[in-house]
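If you use full-length UniProt numbering, the sequence shown corresponds to residues 1 to 703, in order.
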Amino acid sequence: MFFELKMCSSFNFPHPTTTADDLKNLYKVYGVDRSVVLDLVGTHETPETVREGYYGAYLSFFHSCGLIFPIPEPILEVLAELGLSLTQPLPNFLRHLVAFLVKAREEGLAFGLSEFRQLVLVKRNKQNLGTFLVSPRPSRHFIEDIPYRDEKWREQFFVYGVDRSVILDLVSTHETPETVREGYYGAYLSFFHSCGLIFPIPETIPEVLAELGLSLTQLLPKFLRHLVAFLVKAREEGLAFGLSEFPQLVLVKRNKKNPGTFLVSPCPGSHVIEDIPYRDERWREQFFVFKMDRASMDNFDFSELPQRWAENIVPSGSSSMSDQIRGLMRVLRRGRSNWSTIDQTRIQTVFALPVRTDRAPLVEESEDEAEHSQEVVETPSVQTQSSDRLTRQLVRRSSFRTSGSASRGRASGKSPLISIHDSDDKDVSRENRPPVSLSSGSEDETVAATRKRRWSSEGALPGPSHPRLVYEGDGSSFAAQSNLISLAGRMRSAGCRLPSLASSVEREAYAKVAVASSKAMEASNEYVVTMEDHVMASRNDKKIESIGFEIKTLSKELEATKREGKKDAEKIWRRVHLENKALTSQMVAQRARIAALKVERDRDIRRASRIARRDIAAKYREVLESLKDRRASKKKEVSAEIRLQEVTANIDLLTELKDGGLTMDAELARLKGMEGDCEDLVASAAVPDWSISELDLTQVSGY
Numbered sequence: 001m002f003f004e005l006k007m008c009s010s011f012n013f014p015h016p017t018t019t020a021d022d023l024k025n026l027y028k029v030y031g032v033d034r035s036v037v038l039d040l041v042g043t044h045e046t047p048e049t050v051r052e053g054y055y056g057a058y059l060s061f062f063h064s065c066g067l068i069f070p071i072p073e074p075i076l077e078v079l080a081e082l083g084l085s086l087t088q089p090l091p092n093f094l095r096h097l098v099a100f101l102v103k104a105r106e107e108g109l110a111f112g113l114s115e116f117r118q119l120v121l122v123k124r125n126k127q128n129l130g131t132f133l134v135s136p137r138p139s140r141h142f143i144e145d146i147p148y149r150d151e152k153w154r155e156q157f158f159v160y161g162v163d164r165s166v167i168l169d170l171v172s173t174h175e176t177p178e179t180v181r182e183g184y185y186g187a188y189l190s191f192f193h194s195c196g197l198i199f200p201i202p203e204t205i206p207e208v209l210a211e212l213g214l215s216l217t218q219l220l221p222k223f224l225r226h227l228v229a230f231l232v233k234a235r236e237e238g239l240a241f242g243l244s245e246f247p248q249l250v251l252v253k254r255n256k257k258n259p260g261t262f263l264v265s266p267c268p269g270s271h272v273i274e275d276i277p278y279r280d281e282r283w284r285e286q287f288f289v290f291k292m293d294r295a296s297m298d299n300f301d302f303s304e305l306p307q308r309w310a311e312n313i314v315p316s317g318s319s320s321m322s323d324q325i326r327g328l329m330r331v332l333r334r335g336r337s338n339w340s341t342i343d344q345t346r347i348q349t350v351f352a353l354p355v356r357t358d359r360a361p362l363v364e365e366s367e368d369e370a371e372h373s374q375e376v377v378e379t380p381s382v383q384t385q386s387s388d389r390l391t392r393q394l395v396r397r398s399s400f401r402t403s404g405s406a407s408r409g410r411a412s413g414k415s416p417l418i419s420i421h422d423s424d425d426k427d428v429s430r431e432n433r434p435p436v437s438l439s440s441g442s443e444d445e446t447v448a449a450t451r452k453r454r455w456s457s458e459g460a461l462p463g464p465s466h467p468r469l470v471y472e473g474d475g476s477s478f479a480a481q482s483n484l485i486s487l488a489g490r491m492r493s494a495g496c497r498l499p500s501l502a503s504s505v506e507r508e509a510y511a512k513v514a515v516a517s518s519k520a521m522e523a524s525n526e527y528v529v530t531m532e533d534h535v536m537a538s539r540n541d542k543k544i545e546s547i548g549f550e551i552k553t554l555s556k557e558l559e560a561t562k563r564e565g566k567k568d569a570e571k572i573w574r575r576v577h578l579e580n581k582a583l584t585s586q587m588v589a590q591r592a593r594i595a596a597l598k599v600e601r602d603r604d605i606r607r608a609s610r611i612a613r614r615d616i617a618a619k620y621r622e623v624l625e626s627l628k629d630r631r632a633s634k635k636k637e638v639s640a641e642i643r644l645q646e647v648t649a650n651i652d653l654l655t656e657l658k659d660g661g662l663t664m665d666a667e668l669a670r671l672k673g674m675e676g677d678c679e680d681l682v683a684s685a686a687v688p689d690w691s692i693s694e695l696d697l698t699q700v701s702g703y
């Protein structure tokens, strides 16, 4: 399947070193099909500029990243949704994607872009502009030891051809399944993944859609699976299958959960494929469009397809099956198979066969098919069965009429009458005795015709419902034998006369034959009635079995729905549980990180405080040392000034003494007076020791 991939940015590309032998190894070692066209790049080709109809790739992707031909669709889908070309991911990117896909497939789980993004972070590669790599999100490392960096992975670059016969495209921002651009048709990827749809689309499918007035995107997967299954089975049997057959095998129903969409369910007795999935999840998410041409629609006139969704459809099909459809169903039921056996290879093989126009043989409705063609089956009540049984018994007991009377009865539309002369009427001659009419009519007529004659168990005809005749008089066996012979004579066909019964032995023997014949006829009638009851009960059992089959089918669908719902609930629960677990682990990690940050902050504060205190102490020491030096210098200066003053005073004193202006005694007295005053001044101006050890300073710790 082709997807449109675009390059996002430019980057420097090394000169390719791929050789023809490298491409031969792809065919030979990696089992690449020869239908995949591989070629070396041209002199002006780069990963950004590849010839029309080709895509670029690196040999390292196949050697060490697990990539294969045909390239798995999820990889192309992820790249298409990210807007990346196949040559833009780094090997690290591709290894993670392939690893996740393999694990998900092994576990039977769906995996796409939404799941991939939740497991990894997609990053831009700063070293090779235009390329991208991934790194697993925190606490989501599932695959260990994936190489992070590869050397010279871009040197062996080559191109491969892409079949563009079917033009596919992603939908635009304004396109929906109801509104598709002119000349294009919409579809879902799930139709091709799980419903058996292929390109070119088989002509029967758009024919059915055009007749029903539906768009392809209005079908539920179940609708498409039934149609494809019937087509495959009919093609395999070499029979024609089209619009006239499909509506008679299924009931088209409106889907209430998704307005505008339609599903089907097989008509009773039309179950050909077992275990067709009843429900699909997220089947409408991956929507795309394709161009309507011979490559996608073959020879079908696609102008007949509706471009907008239909709101209503005309119900098609018939509640009763024709002989042609019954014959088709009998053929399709040969070797009943499951939906899982109809895979992509089988579908492509079947539709590659030439179209047949053979019709299934006509089959009249049998008991089995008649029971399947009825949707509502009513079970007869006990009274109705008893009444039917009585009626059949009367009909069977009147069946010993002669063939001539039977034919006359059929011609007149009534049951024939059998005349029995009443031997009880003494006053009536043998020829003028009124006949007794036995027919399959009501029991009241029969009773009225007997004129309330007396019955007893002596000399009667055996049987549970045969009248037992005993005649008034002396009760001789001769009279009874005469009546039996007379009755047997009237039961014979026209033109068939009784043998001469001159002796009593012959009459007695013939009477025994008549009694035995009546017993045999009674037993035959009872057997026929019993068998008819058995057939009717069998029909009812088969009808009940048909209803049971429908109930089992619906129960299976219900159980499948329940299982799917349970699986969905379990998936949701597992996803929520994993998300909660991930959030909990993230919260614990954040708390641990906050605690670590607090510890680090306190440690930094203590370290900074110690450094600051040491700096302050050093500055204090520097200040005090400078003050001490200045004080020493000042003391020297003061001492020098004092000396200078003493010398000056001594010079002045000696000068005055020399001149005779002072006397020694007077001056001595004056100096002694000044000595006391100076001592007082020195004591009052005394300064303590300026050494650091003698200063009252705050103690600063070095740690």
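We treat Cβ as the ideally placed atom computed from N, Cα and C, and that holds for glycine.
If you're wondering where the values come from, they're calculated on a predicted model, not measured in any experiment.
Distance between beta carbons of residue j and residue i, contact taken as under 8 Å
i	j	result
I198	I347	6 Å
G242	T204	5 Å
F93	F132	6 Å
V166	F290	6 Å
F262	L214	6 Å
Y184	M292	7 Å
P91	C65	5 Å
G186	F61	Between F61 and G186 the Cβ distance is about 33 Å, and since that is not below 8 Å, they are no contact.
L168	A80	Not really, about 10 Å apart at Cβ, beyond 8 Å.
L67	V98	7 Å
residue 711	E675	As displayed, the chain neither begins before 1 nor continues past 703, which places residue 711 out of reach and without an answer.
For residue i, the nearest candidate out of the options (CA to CA)
i	options	result
L558	E641, Y278 and Y55	Y278
P268	R593, P177 and G548	G548
D150	T561, N299, H63 and P74	H63
S139	Y620, E637, K628 and K581	K581
E207	L227, C195, T349 and S190	L227
Y188	K672, R282, L627 and V535	R282
P147	R95, C195, A229 and R630	R95
G260	E625, V232, E311 and L644	E311
V264	R235, L219 and A666	L219
residue 754	R334, F288, W339 and P202	Residue 754 lies beyond the stretch modelled for the chain, which goes from 1 to 703, so this question has no answer here.
V122	K619, L82, S633 and R603	L82
E73	R105, G42 and R117	R105
E107	V588, N125, K571 and G42	K571
Beta-carbon gap between residue i and residue j smaller than 8 Å
i	j	result
I273	S337	yes
Q88	G130	yes
V331	L239	yes
F191	L224	yes
G112	E144	no
P200	S114	no
S270	V250	yes
I342	L212	no
R235	F351	yes
S194	P221	yes
L109	P136	no
G56	L86	yes
K103	F142	yes
A229	W339	yes
Counterpart residues of residue i in DSSP-defined beta bridges
i	result
K291	Y184
S265	L251
E532	Answer by DSSP bridge pairing: none, since E532 is not bridged.
R124	F132
P89	F132
E274	N338
L170	F288
L219	F262
T179	T176
L353	Bridge partners of L353: none, in fact.
Proximity test, residue i beta-carbon vs the ligand PLP heavy atom, cut-off 7 Å
i	result
V102	By its list of ligands, the structure shown contains no ligand whatsoever, and the ligand PLP lies outside what it can speak to.
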